[in-house]
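Worksheet for the structure shown next.
Residue numbers (this note's numbering): 3 to 159.
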């Protein structure tokens with residue numbers, strides 16, 4: 003019986019230490035805010051509000067864009083090549099690229115991403131002054147923000 007109590011006590015001690023370890027584990031890196039909106043102008047292809055959603059895992063980051071333009075035709079999954087360029091407050095630009103998109107029905111908003119890029123701790127990325135370029139069926143569409151993103155730039159840990 004004594005061995006059983008020691009085993010139970012040891013298990014409780016290990017469980018308590020594990021829980022304490024989780025409580026003091028470093029927080030995961032995160033981008034703030036994780037969602038922003040912009041007013042975008044895509045020239046002949048339309049204009050309106052677009053939503054950008056960002057994630058971060060170390061120096062790897064992704065951005066998904068639900069655009070201000072609607073697809074004139076149905077688009078198959080992963081049929082759009084995209085390049086999203088942000089102005090980096092630390093200097094220069096930061097680019098996110100990819101060929102990922104969900105299947106999009108005719109008339110639905112064009113969504114691209116997640117687009118992949120590399121960030122550094124402290125990067126502050128703003129779409130105003132940058133652009134989103136998408137290529138579909140060999141046609142290039144360039145969208146630009148007409149003002150700063152709201153609620154503000156993406157700041158990476």
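Every residue gets a Cβ at the ideal spot worked out from N, C-alpha and C, and that includes glycine. Just so it is clear, the structure is predicted and the values come from calculations on it, not from any experiment.
Per DSSP, reduced to three states, the secondary structure at residue 46 is helical. Residue 45 has its alpha-carbon roughly 21 Å from the corresponding atom of residue 115.
Nearest to residue 150 by alpha-carbon distance, out of 54, 33 and 32, is 54. When Cβ pairs closer than 8 Å are counted between the two stretches, the segment 119 to 127 is seen not to touch the segment 66 to 76, the count staying below three. Of the candidates 130, 113 and 82, the residue whose Cα lies closest to the Cα of residue 90 is 130. Nearest Cα to residue 158 within the set 103, 143, 96 and 147: 96. Residues 72 and 73 of the same chain have their beta carbon placed closer than 7 Å to that of residue 110, with the five preceding and five following residues left out of the count. With fewer than 16 other Cβ atoms from the protein chains shown falling within 10 Å of its own Cβ, residue 78 counts as exposed. Scanning 105, 60 and 132 for the CA closest to the CA of residue 93 turns up 132. With fewer than 16 neighbouring CB atoms inside 10 Å of its own CB, residue 154 falls in the exposed class.
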